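Notes follow the structure.
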Amino acid sequence: MSHDTNPDAVSERSCYIGIWDYATGELVDAWLLYRPAADPFFVRIPMDGSAVPLSVPRAVLQQGMDWDALSQDLWAYPSPDARWVLWTVKRGGLRERTFRVSRVLLTAALKSMYELVPLGKEGDRIDWDDALKALLKSS
């Protein structure tokens, strides 16, 4: 994880997190990649064994530590064991696999992301003129 005292000097945050398959106990390598220049609202989560990384709102990862939070790719929710957060990966609307994620690691990673872009300041990172041009060009 990148730790810089000047948040404007850092362009992204990344963190390795091992996640455990809830059914088998198998460790799966995963990373949290936060690139606010690309999209300040979303975190990409590449995982071993998955060809396509998850794209999950940062808020879903945060909220899922305390209550059910849903996105297109992920259902995050507290585990009965307070050391863990559970993530159920969804593909095409179907539940694929459930993983245990360390609450301590996830908390530290999210703290680092919020230091880079504070909650409520995500929109300040978007060049709205460029976004509008891209939308108009694609239509």
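Residue 70 in our numbering sits at position 70 of the sequence shown, with consecutive numbering throughout. For each residue, glycine too, the CB sits at the ideal point set by N, CA and C. Keep in mind it's a predicted model, so treat the numbers as computed, not measured.
Query raised in the report: Thr-88 to Ser-139, Cα distance in whole Å?
Result: Counted from its first residue, the sequence shown places residue 88 at position 88. Counted from its first residue, the sequence shown places residue 139 at position 139. Those two C-alpha atoms are separated by around 34 Å.
Requested in this report: Please check the pair Arg-103 and Met-65, which I expect to be a contact at CB under 8 Å, by giving their CB distance rounded to whole angstroms.
Outcome: Position 103 of the sequence shown, counted from the start, is the residue given in the question as residue 103. Position 65 of the sequence shown, counted from the start, is the residue given in the question as residue 65. With 8 Å as the limit, Arg-103 and Met-65 qualify as a contact, their Cβ atoms being about 6 Å apart.
Query raised in the report: Relative to the C-alpha of Arg-91, which residue among Trp-31, Glu-12, Val-52 is closest?
Result: Taking the first residue of the sequence shown as position 1, residue 91 is located at position 91. It is Val-52 whose Cα lies nearest to the Cα of Arg-91.
Report task. For Ala-76, count neighbouring C-beta atoms within 10 Å of its own C-beta (all shown protein chains included) and say buried if the count is 16 or more, exposed if not. Result -> As a first step, residue 76 is located in the sequence shown; it is residue number 76 there, counting from the start. The C-beta of Ala-76 has 16 or more other C-beta atoms within 10 Å across all chains shown, which makes the residue buried.
Query raised in the report: Quick one: what's got a C-beta closer than 8 Å to Ala-23's C-beta in the same chain, skipping five residues either side?
Result: Within the sequence shown, the letter at position 23 stands for residue 23. Correct list, in chain order: Arg-97, Thr-98.
Query raised in the report: Among the residues of its own chain, which have a CB less than 6 Å from the CB of Asp-29, if the five just before and after it don't count?
Result: One-based indexing of the sequence shown puts residue 29 at position 29. Correct list, in chain order: Asp-48.
Report task. May I have the straight-line CA-CA distance separating Ala-69 from Val-60, to the nearest angstrom? Result -> Looking up residue 69 in the sequence shown gives position 69. Looking up residue 60 in the sequence shown gives position 60. So the two alpha carbons sit approximately 5 Å from each other.
Query raised in the report: Just checking my contact of Leu-110 with Gln-62 at CB under 8 Å: how many whole Å lie between their CB atoms?
Result: The residue labelled residue 110 in the question sits at position 110 within the sequence shown. The residue labelled residue 62 in the question sits at position 62 within the sequence shown. 6 Å between Cβ atoms; contact.
Query raised in the report: Helix, strand or coil: which one does DSSP assign to Thr-107?
Result: Taking the sequence shown and counting its residues from 1, one reaches residue 107 at position 107. Correct three-state label for Thr-107: helix.
Query raised in the report: For Val-101, which of helix, strand or coil comes out of DSSP?
Result: Here residue 101 corresponds to residue number 101 of the sequence shown, with the count starting at 1. The three-state reading of DSSP puts Val-101 in strand, counting E and B together.
Query raised in the report: Glu-12 by DSSP, collapsed to three states: which one?
Result: For this step, residue 12 is matched to residue 12 along the sequence shown. If DSSP states are grouped into helix, strand and coil, Glu-12 belongs with coil.
Requested in this report: Report yes if the C-beta distance between Val-101 and Pro-36 is below 8 Å; otherwise report no.
Outcome: Here residue 101 corresponds to residue number 101 of the sequence shown, with the count starting at 1. Here residue 36 corresponds to residue number 36 of the sequence shown, with the count starting at 1. Taking 8 Å as the Cβ cut-off, Val-101 and Pro-36 do not qualify as a contacting pair.
Query raised in the report: Helix, strand or coil: how does DSSP classify Arg-83 here?
Result: Translated into positions along the sequence shown, residue 83 becomes position 83. Of the three classes helix, strand and coil, the one that applies to Arg-83 here is coil, per DSSP.
Query raised in the report: What is the DSSP secondary structure of Ala-23, reduced to helix, strand or coil?
Result: As a position in the sequence shown, residue 23 is number 23, starting the count at 1. Three-state DSSP puts Ala-23 in coil, outside helix and strand.
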